[in-house]
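Number of protein chains: 2
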Amino acid sequence: MAALLETEQENADSFFASAPPLQDRELITSDAQKFVSRRLQLEPEDKTSNPRARVVCVTSGGTTVPLERRCVRFIDNFSSGHRGAASTEYFLKAGYAVIFINRRGSAQPFCRSLPEDPLLTCFEPDDKGAIRPTATHAATVQRAIKEHHLAIKAGNLLNLQYTTLFEYIQILQIVSIAMNPLRQNGMFYLAAAVSDFYVPWNSMVEHKIQSRTGPLAMELAQVPKMLTLLRQLWAPLAFCVSFKLETDTEILIKKAQQALKRYRMHAVVANELQTRKQKVIVVTDRGETIVERDESHTDVEIPLVDFLINQQTSYINASAE
Amino acid sequence: MAALLETEQENADSFFASAPPLQDRELITSDAQKFVSRRLQLEPEDKTSNPRARVVCVTSGGTTVPLERRCVRFIDNFSSGHRGAASTEYFLKAGYAVIFINRRGSAQPFCRSLPEDPLLTCFEPDDKGAIRPTATHAATVQRAIKEHHLAIKAGNLLNLQYTTLFEYIQILQIVSIAMNPLRQNGMFYLAAAVSDFYVPWNSMVEHKIQSRTGPLAMELAQVPKMLTLLRQLWAPLAFCVSFKLETDTEILIKKAQQALKRYRMHAVVANELQTRKQKVIVVTDRGETIVERDESHTDVEIPLVDFLINQQTSYINASAE
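Protein chains in written order, with full-length UniProt numbering: chain S, 1 to 321; chain W, 1 to 321.
See the structure below:
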C-alpha cells in the first residue's frame with residue numbers, strides 16, 4: 001500500500017506541477033475552512049452521531065480536458081449533474097451541510113425540474129411593462145429560487161464551480177484538507193464524471209490543432225488516481241463514496257468491487273447508463289445492495305442518500321467504540 | 001469544381017448515412033419553411049433591396065463529437081456563443097428575420113449581459129412568499145426577457161438548438177434548403193465552431209472506452225466540408241459568410257483567404273482568439289477590411305453586421321442588374 005501511495009503521490013505531484021494555477025485559490029480555501037468551522041462548533045460533546053454536525057462534499061457534473069493550451073478543443077465527459085443536484089437536496093433535508101463542487105452550467109439543487117433555458121421559458125412580459133413567471137411554471141420556479149436561497153443564506157450550502165479537470169482536482173484537494181478536522185463526520189460523495197485521460201499541460205500544443213493535414217491522432221495520458229491521496233492523505237477518516245458508471249452491465253459490478261478495494265472506499269455506487277435513474281447497486285465490504293426508487297417513481301437518490309447516511313452512522317459509531 | 005463537388009457529395013453521403021437520425025426532423029423542416037414563407041410574401045415587387053424581405057441564418061456555439069455510441073465521452077469545441085447571440089440582436093434591429101441555430105446552453109440573444117446561472121443570481125425571495133428580480137439585475141433581466149419574447153412573438157426569430165455535430169449539420173441542411181427560395185435575400189452567417197474531426201458512427205465503439213489499459217489512442221476522421229454543398233446545392237444564391245478562428249495570427253489571414261476561394265464564400269470573418277471581441281478582419285474578393293469596435297467599447301458585432309448587410313445589399317443590387 002505504501003508503494004502504491006508513493007507512486008500515486010509522484011503521479012499527482014507531476015499532475016499538479018503541470019496544471020495551470022487555480023484562480024481564486026485563496027478565496028475557495030477560506031470559504032471552505034469557514035464553512036467547515038461552523039459545523040465543527042456544532043459537534044456534540046458525547047460524540048453521538050448527529051447529522052447536524054456532518055458535512056458532505058458532493059461532486060457533480062463532468063470535467064473537461066483541454067487538448068490545446070489556448071483552449072479551442074477539449075474532451076468532455078457526459079453528465080447532466082442531475083444525481084449530484086438531487087442528492088444535495090436530500091442531504092440538506094437530512095440536516096447535513098453540503099459543499100457542492102459542480103460543473104459550471106450543470107444541474108443545480110432545487111432547479112432540476114425546471115425546463116432548459118428557464119429564464120426565457122419560465123418568465124414572460126406582463127401588461128405593466130414588467131415580467132412575471134408563466135402560469136405553467138410559476139409554482140416550480142418560485143419554489144426553486146426560494147429553497148436555493150434559503151440553503152445558501154442559512155450557511156448549509158457552499159457552491160464551488162469548475163470546468164476543467166485541472167480545476168476540479170485542485171478544488172477537491174482544497175475541500176478535502178479543509179474537511180479533514182471533521183474526521184468521521186465528513187463524507188465524500190463523488191458523483192462527478194471525472195476524465196480518466198488527459199493531455200499533460202507541458203506536452204500540450206500551444207496553438208489550435210490544424211485540420212488540413214489528414215486524420216487526427218492523439219495520445220492521452222491517464223489521470224492519477226486522486227482517490228488514493230484523498231483516502232490516505234487529505235482526509236483519511238472521512239466516509240468516502242465513489243461512483244462507477246458503465247454502459248456494459250457485465251463488467252459493472254466487477255469494476256465497482258475493484259474500486260472498493262483498490263481505493264479503500266467505504267461504498268461504491270454502481271450505475272448502468274440506461275437504468276441509472278431507476279436503480280443503483282451499492283457495493284460495500286459486506287456485499288451488494290440494490291437500491292431502487294419506489295413505486296411512485298420518486299428520485300432514486302432518496303433511498304440512496306438514506307442508505308449512505310445510515311452507513312456513515314454505523315461507521316461513526318464503530319469508530320467511537 | 002465539379003470533381004470537388006462530387007467528392008464532397010460522396011463524403012457527405014457517407015456522413016449522413018452514418019449519422020443517427022435527427023429527432024423532430026419534420027417539425028424543424030415545417031417550422032423553417034413557414035418562417036421563410038412569411039418573409040417571401042414581404043418581398044417587394046420591384047426587387048429593390050429591403051432588409052425586411054431578408055432572412056439570415058446565424059449559427060452559434062460549438063458542436064460536440066461523441067467518442068462512444070452510448071455517449072459518455074465527447075470532444076467539444078470551445079465557444080460561448082456570444083458572437084452569434086450578439087449578431088442576432090443586430091440583424092433583428094436592422095429588420096432581418098433570424099433563424100438562430102445554436103448550441104443548447106450557449107448564449108441567447110438579449111441575455112448576453114446576464115450573469116452565469118441567471119435564475120439563481122437575478123431573482124430572490126420577497127417578503128410575500130413570492131420572488132422578485134434583485135435590485136442589481138432587475139433592469140437587465142426584465143429587458144432581456146421582454147426583448148426576446150417580443151422577437152419570437154413577432155415571428156422575427158426562430159430558435160433551433162443542437163448539441164452534436166450530427167444534429168448541427170442536419171439542421172443546417174434543412175434550413176438551407178428551406179431558405180433557397182429567398183435567393184439573394186438569404187444570408188448565412190456561420191459563426192458556430194464546428195468540429196473538423198469526428199468518429200464515424202459506424203466505427204464508433206458501443207460501450208464506454210475502458211481506462212485501465214494504458215494511454216488512449218484515437219484516430220478521428222475529417223468532417224466533410226459542408227460549405228461546398230451549401231454553396232453549390234442547398235442554397236446557391238444566398239450570401240454566405242463563414243468564420244475562421246485561429247490562435248496563431250501568422251496563419252490566420254492566409255487560412256481565411258484559402259477558405260474564401262475553396263468554398264466560394266462571399267466573405268470570411270477572420271478572428272484571433274485573444275482579440276476577437278475587439279476586432280475582426282473581413283476577407284472578401286476585394287481584399288481585407290479591418291472591423292473594430294468603437295471607442296466606447298460597444299460590441300464589435302455592431303460594425304461587423306453593418307458591414308455585411310451593406311455587402312449583401314451590393315450583392316443583391318449587382319444580381320438585379
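Positions of the beta carbon are idealized from the N, C-alpha and C atoms, including for glycine.
Is the shortest distance between the beta-carbon of residue i and the beta-carbons of chain S less than 7 Å?
i	result
asparagine 271(W)	no
arginine 262(W)	no
isoleucine 253(W)	no
Give me the residue from the options with the minimum Cα distance to residue i.
i	options	result
alanine 97(W)	Thr136(W), Val65(W), Lys153(W), Pro125(W)	Lys153(W)
phenylalanine 35(S)	Leu119(S), Ala144(S), Leu182(S)	Leu182(S)
alanine 221(S)	Arg25(S), Gln232(S), Ile75(S), Val56(S)	Ile75(S)
alanine 94(W)	Tyr168(W), Asn50(W), Ala3(W), Val175(W)	Asn50(W)
cysteine 57(S)	Thr88(S), Thr29(S), Asn77(S), Ser113(S)	Thr88(S)
isoleucine 101(S)	Gly81(S), Pro118(S), His266(S)	Gly81(S)
tyrosine 168(S)	Glu8(S), Asn317(S), Leu22(S), Phe78(S)	Leu22(S)
leucine 5(S)	Ile309(S), Ser296(S), Met226(S)	Met226(S)
glutamate 272(S)	Val291(S), Ile177(S), Leu260(S)	Val291(S)
leucine 252(W)	Lys261(W), Ile281(W), Leu233(W)	Ile281(W)
isoleucine 28(S)	Leu120(S), Leu172(S), Ala139(S), Ser60(S)	Leu172(S)
glutamate 147(W)	Arg262(S), Thr247(S), Ala130(S), Ala3(S)	Ala130(S)
tyrosine 315(S)	Arg286(S), Glu295(S), His297(S), Ser296(S)	Arg286(S)
aspartate 24(W)	Asp306(W), Val305(W), Tyr162(W)	Tyr162(W)
serine 79(S)	Ala3(S), Thr247(S), Ala192(S)	Ala192(S)
Under the three-state reduction of DSSP, which class applies to residue i: helix, strand or coil?
i	result
phenylalanine 25(S)	Checking the displayed sequence, the identity of residue 25(S) turns out to be arginine instead of phenylalanine. Looking at arginine 25(S) - three-state DSSP - the assignment turns out to be helix.
leucine 273(S)	coil
threonine 284(S)	strand
threonine 88(W)	helix
asparagine 310(W)	helix
glutamate 250(W)	helix
aspartate 76(W)	strand
serine 176(W)	helix
serine 30(W)	helix
glutamine 222(S)	strand
phenylalanine 110(S)	coil
leucine 227(W)	helix
tyrosine 96(W)	coil
glutamate 68(S)	strand
glutamine 258(S)	helix
valine 55(W)	strand
glutamine 41(S)	coil
threonine 163(W)	coil
serine 18(W)	helix
arginine 103(S)	strand
valine 305(W)	helix
threonine 268(W)	Looking at the sequence itself, residue 268(W) is valine, so the reference to threonine does not match. Strand at valine 268(W).
threonine 289(S)	strand
Are any of the Cβ atoms in chain W nearer than 7 Å to that of residue i?
i	result
arginine 73(S)	yes
Short of 7 Å in beta carbon distance, which residues of its chain neighbour residue i, apart from the five on each side in sequence? Order them along the chain.
i	result
arginine 264(W)	Arg231
methionine 179(W)	Val36, Val55, Cys57, Gly186, Ala235, Ala238
serine 195(S)	Thr63, Val65, Ile75, Asn77, Leu165, Val223
residue 322(S)	Because residue 322(S) is not part of the residues shown, which for chain S are 1 to 321, the question remains open.
tyrosine 90(W)	Glu301, Ile302, Val305
proline 125(W)	Ile131
glutamine 312(W)	Met187, Phe239
leucine 190(W)	Thr59, Val241, Ser242, Phe243
Give me, in chain order, the residues of the same chain whose beta-carbon lies closer than 6 Å to that of residue i; leave out the 5 immediate sequence neighbours on both sides.
i	result
isoleucine 99(S)	Cys57, Leu158, Val175
residue 330(S)	Here chain S covers residues 1 to 321 and nothing more, so residue 330(S) does not appear.
alanine 151(W)	Leu92, Leu157
valine 141(W)	Cys122, Pro133
Short of 8 Å in beta carbon distance, which residues of its chain neighbour residue i, apart from the five on each side in sequence? Order them along the chain.
i	result
arginine 293(S)	Lys277, Gln278, Lys279, Asp299, Val300, Ile302, Pro303
aspartate 31(S)	Leu158, Leu160
phenylalanine 307(S)	Val282, Thr289, Val291
valine 199(W)	Val65, Pro66, Leu67, Met218, Leu220, Ala221
What residues from the segment 75-86 of chain W come within 9 Å of chain S, judged by C-beta to C-beta, listed N to C? Only those residues of the segment 75-86 of chain W whose C-beta falls short of 9 Å from the nearest C-beta of chain S are listed: Ile75, Asp76, Asn77, Phe78, Ser79.
Short of 7 Å Cβ to Cβ, which residues in the segment 142-161 of chain W face chain S? From the segment 142-161 of chain W, only Gln142, Ile145, Lys146, His148, His149 have a Cβ closer than 7 Å to chain S.
Under 9 Å (Cβ pairs) to chain W, residues found in the segment 115-134 of chain S: Result list: Glu116, Asp117, Pro118, Leu119, Leu120, Cys122, Phe123, Glu124, Pro125, Gly129, Ala130, Ile131, Pro133.
Along the segment 95-113 of chain W, what residues have a CB closer than 8 Å to any CB found in chain S? Among the residues of the segment 95-113 of chain W, those with a Cβ less than 8 Å away from any Cβ of chain S are Arg104, Gly105, Gln108, Cys111, in the order of the chain.
Going along the segment 234-252 of chain S in order, which residues come within less than 9 Å of chain W, judged by CB to CB distance? Within the segment 234-252 of chain S, the qualifying residues are Leu245, Glu246, Thr247, Asp248, Ile251.
To be precise: take each residue of the segment 281-306 of chain S, compare its Cβ to all Cβ atoms of chain W, and keep it if any distance is under 7 Å. Which residues remain? Against chain W - using a Cβ distance shorter than 7 Å - the segment 281-306 of chain S contributes no residues.
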